[in-house]
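Input: a single structure, listed below in structure tokens.
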Amino acid sequence: MRVQAIFNRDGGTFRTIDMDAYARHAEKVFAEAGHHLDCDIVEGADIEMALRRCADRTDLDAMLAGGGDGTVSAAAGLAWQNGMPLGVVPAGTMNLFARSLKIPLDIWEAIDALADGDIAAADIGTADDRAFVHQFAAGLHARLVRLRNTMSYRSRLGKIAANTRAALGVILDPPEFDVEFDVDGVAAHRKVSAINVSNNRFGENGLLYAEDLTGGHLGFYTTNPLKPAGAAKLAFDILRGRLRENADVCEMTGAEVELHFPRVDRAINCVIDGELLPMDRDVSIRLHPGELKVMVPKVQAENMAKAETAAA
1 MRVQAIFNRD GGTFRTIDMD AYARHAEKVF AEAGHHLDCD IVEGADIEMA
51 LRRCADRTDL DAMLAGGGDG TVSAAAGLAW QNGMPLGVVP AGTMNLFARS
101 LKIPLDIWEA IDALADGDIA AADIGTADDR AFVHQFAAGL HARLVRLRNT
151 MSYRSRLGKI AANTRAALGV ILDPPEFDVE FDVDGVAAHR KVSAINVSNN
201 RFGENGLLYA EDLTGGHLGF YTTNPLKPAG AAKLAFDILR GRLRENADVC
251 EMTGAEVELH FPRVDRAINC VIDGELLPMD RDVSIRLHPG ELKVMVPKVQ
301 AENMAKAETA AA
């Protein structure tokens, strides 16, 4: 395969290493596996433009994106729109998409696994016109990210500490709002503190990422209005991987979700794959089963093919 790599120099782990040496190593590993890899190392401010140029090329067999969840999400949306397979080098803080794809979280091991890997089909979601590989969220998560964005940090540990401080702020003052929703024709009106719509159901883990991206469904989660004690219990249950045991959380699955926020009288935000964005009063969320082609370790490609066949 002819592969182009776009590495975000400002992505977490990449800040701490010799990126030129890493690029030479990646090119060598891919060459030894019988592929041709070219690497571009890009500043964070220029990453979206570089990804877009790469996705538009017609002389490539795949694109390799290295960085945090924001870089990976942007790359996935562009790769999906252009029908180009995507490989992921997890250089961020959480690396949720890489975890779902069972890509090694060590950036050196990830290159070895991808060079010797295969192409598989994964699901991808859209919220209105924006693609997502992990989740759309409103309420608790959006408030957490908004608070975190007011803090300064320069490292992965700094970001984790900022997340912790922001989470404490959300626990002490959880949001509450009305939502009308329709999940595959099942409609309801609820008052909630949080909404999460995930690319396949969350797994039993403390980071709330899907263990399988071939299930062909969205996970839809609403959380009842919470007081500080209830928000603290929810946070504790999530960290234990026991989200489904929390009595305030309701889970549904479906292929299409329509959201309407009837009592919004000010600017509101949502989070899509970790990025805080403005949100309209009406949001249409869709799953696109098997439409994102991904480079994954060979064993994972086989497992994903089997899971896709079983789901069909």
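Using full-length UniProt numbering, count along the sequence shown one by one with no gaps and you end on 312.
Don't be surprised by glycine CBs; every beta carbon is placed ideally from N, CA and C.
Continuous alpha helix (DSSP H) stretch holding K102: start and end: Numbered from 1 along the sequence shown, position 102 holds the residue referred to as residue 102. No alpha helix (DSSP H) contains K102, which DSSP labels as neither H nor E.
Local conformation of M279 per DSSP, three classes: The residue given as residue 279 occupies position 279 in the sequence shown. Three-state DSSP puts M279 in coil, outside helix and strand.
Rounded straight-line distance, which links the Cα of P104 to that of E32: Numbered from 1 along the sequence shown, position 32 holds the residue referred to as residue 32. Numbered from 1 along the sequence shown, position 104 holds the residue referred to as residue 104. Spanning the two alpha carbons is a distance of roughly 19 Å.
Opposing strand residues paired with S284 [DSSP bridges]: Start at 1 with the first residue of the sequence shown, and residue 284 comes out as number 284. DSSP, once it has assigned bridges, lists E258 as partnering S284.
Closest by C-alpha distance to T223, when choosing among A45, V197, E211 and G169: As a first step, residue 223 must be located in the sequence shown, where it is residue number 223. Across the set A45, V197, E211 and G169, the C-alpha of V197 shows the shortest separation from the C-alpha of T223.
In DSSP terms, what C54 is bridged to: As a working note, residue 54 is residue 54 in the sequence shown. Answer is none; C54 lacks a bridge partner.
Start-end ranges of the alpha helix (DSSP H) lying completely within the UniProt domain "DAGKc" (1-131), minimum 4 residues: Within the UniProt domain "DAGKc" (1-131), the complete alpha helix (DSSP H) segments of 4 residues or longer fall at 19-32, 47-56, 69-82, 96-100 and 107-115, listed in chain order.
K233, enclosing alpha helix (DSSP H) - first and last residue: The count along the sequence shown starts at 1 and reaches residue 233 at position 233. First-last of the alpha helix (DSSP H) with K233: P228 to L239.
R165 (DSSP reduced to helix, strand or coil): In the sequence shown, the residue the question calls residue 165 occupies position 165. Helix, per DSSP.
Residue from S152, G87, D38 and C54 with nearest C-alpha to G67: For the purposes of this step, residue 67 is taken as the residue at position 67 of the sequence shown. Per the Cα distances, G87.
Short Cβ contact (8 Å threshold) for V271 with D128: As a position in the sequence shown, residue 271 is number 271, starting the count at 1. As a position in the sequence shown, residue 128 is number 128, starting the count at 1. A distance of 8 Å or more separates the beta carbons of V271 and D128.
Contact the stretch 83-97 vs the stretch 3-14: 3+ CB pairs below 8 Å: With a cut-off of 8 Å, the stretch 3-14 and the stretch 83-97 count as touching, because enough Cβ pairs lie within range.
Beta-carbon proximity list for R281, same chain, < 7 Å, skipping 5 on both sides: Your numbering for residue 281 matches position 281 in the sequence shown. The beta carbon of R281 sits closer than 7 Å to the beta carbons of H260, F261 and V264 from its chain, once the five residues preceding and following it are set aside; these are given in chain order.
As assigned by DSSP and simplified to three states, the class of T214: The residue labelled residue 214 in the question sits at position 214 within the sequence shown. Here T214 sits in coil by DSSP.
Where G139 sits in the DSSP three-state scheme: As a position in the sequence shown, residue 139 is number 139, starting the count at 1. In the structure shown, G139 sits in a strand (DSSP, three-state: E or B).
Residues near G77 by beta carbon distance below 6 Å, same chain, minus five either side: Within the sequence shown, residue 77 is the residue found at index 77, counting from 1. Answer for G77: A131, listed in chain order.
Alpha-carbon spacing of G158 relative to A166, whole angstroms: What you label residue 158 is simply residue 158 of the sequence shown in a count that begins at 1. What you label residue 166 is simply residue 166 of the sequence shown in a count that begins at 1. Roughly 12 Å separates the two Cα atoms.
Validate contact between the stretch 244-251 and the stretch 174-182 using beta carbons, cut 8 Å, 3 pairs: The stretch 244-251, when compared against the stretch 174-182, does not touch it at the 8 Å Cβ threshold.
Inside the stretch 176-222 only - alpha helix (DSSP H) runs reaching at least 4 residues: Runs of the alpha helix (DSSP H) inside the stretch 176-222: none found.
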